[in-house]
Every structure is written in structure tokens, then in C-alpha cells.
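S.K.:
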Amino acid sequence: MLEQICPILPSRDFDVTEAFYARLGFATRYKQTGQYLLMTHDPVEVHFFAHPAHEAATCDHGAYLRPADVDAFSAEVETLGLPRDGTFPKFMPAEDKPWGMREAALWDPDGNLLRVGQEIA
Numbered sequence: 000m001l002e003q004i005c006p007i008l009p010s011r012d013f014d015v016t017e018a019f020y021a022r023l024g025f026a027t028r029y030k031q032t033g034q035y036l037l038m039t040h041d042p043v044e045v046h047f048f049a050h051p052a053h054e055a056a057t058c059d060h061g062a063y064l065r066p067a068d069v070d071a072f073s074a075e076v077e078t079l080g081l082p083r084d085g086t087f088p089k090f091m092p093a094e095d096k097p098w099g100m101r102e103a104a105l106w107d108p109d110g111n112l113l114r115v116g117q118e119i120a
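Letter 5 of the sequence shown, counting from 1, is numbered 4 in numbering that gives the first Met the number 0, and no numbers are missing.
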């Protein structure tokens with residue numbers, strides 16, 4: 000019955016959010032200034048709601064993405080030159096986790112966590 004679940008994440012500034020996700024290959028499907036932003040990277044959809052007072056440092060929003068190849072995703076994001084710690088956005092490359100997953104972690108400019116993983120073969 001269900002085919003997809005799409006996160007709805009906060010954004011302080013749609014222009015900043017849009018530019019960041021475009022660098023990841025997402026395209027804007029819908030934008031209503033000050034209200035809502037929808038970006039797609041088929042078949043993935045990420046929705047954003049306007050939250051100008053949102054604080055990235057205390058953000059508890061996120062999503063878990065399952066690409067066909069987490070290492071290819073990690074290598075592609077590495078080319079963006081994002082820091083590994085400190086301010087947002089930031090990125091931690093893929094590594095094996097004790098729970099049987101290989102995962103990378105990407106935080107967008109608003110502190111939203113995109114954890115990306117696949118099962119270790």
C-alpha cells in the first residue's frame with residue numbers, strides 16, 4: 000500500500016537550503032517563499048517548512064537514506080569539501096558500524112541530519 004516516506008525538515012532560509020541540496024543533485028519541484036520547499040532527487044523527495052527562528056546547533060530533525068552504493072554517495076559528497084566538525088553543514092564519510100551497516104552522516108546548513116547507509120555485505 001505505502002510506497003514512500005518523505006521527511007519534512009525545517010529551513011531557516013529556503014535560498015540557502017535550495018543551493019545546498021542542488022549541490023547534492025536535488026532539483027526544486029515546488030517553492031512557495033516563506034512557506035514550503037520541495038526538492039527531489041528521484042525517487043527521493045525532501046520537504047522543507049519555513050522556520051526562520053530554527054537553531055542548527057539544537058536541531059533534532061533528520062532522515063535515513065538508503066542509496067544503492069553508500070561509498071559512491073560518500074565519495075560524491077567528499078568533493079564538496081565540507082568540514083567534519085564545527086559549524087553546519089558538515090560531513091562524516093562512510094564507515095562500518097557495529098550494527099551491521101556502513102553509514103555516512105551529512106548535516107545540512109540547518110543542522111538536519113541525513114544519515115546514509117546500506118547493509119554490510
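From the three backbone atoms N, C-alpha and C, an ideal C-beta is built for every residue, glycine too.
On a predicted model such as this, the values are computed, not experimentally measured, just so you know.
(1) Based on the DSSP output, what are the partners of I119 in its beta bridges?
(2) Give the straight-line distance between the Cα atoms of M0 and L113, rounded to the nearest whole angstrom.
(3) For V76 versus L36, is the C-beta spacing smaller than 8 Å?
(4) Taking C-alpha atoms, which residue in T39, G33, A71, R65 lies nearest to A21?
(5) Are the beta-carbon atoms belonging to A93 and R101 less than 8 Å from one another?
(6) Which residue marks the beginning of the alpha helix (DSSP H) containing F47, and which one marks its end?
M.R.: According to the structure data:
(1) None; I119 has no bridge partner.
(2) Linking M0 to L113 through their CA atoms gives a straight-line distance of about 25 Å.
(3) It is not a contact, given that the beta carbons lie outside the stated cut-off.
(4) T39
(5) yes
(6) No alpha helix (DSSP H) contains F47, which is instead part of the beta strand (DSSP E) from 43 to 49.
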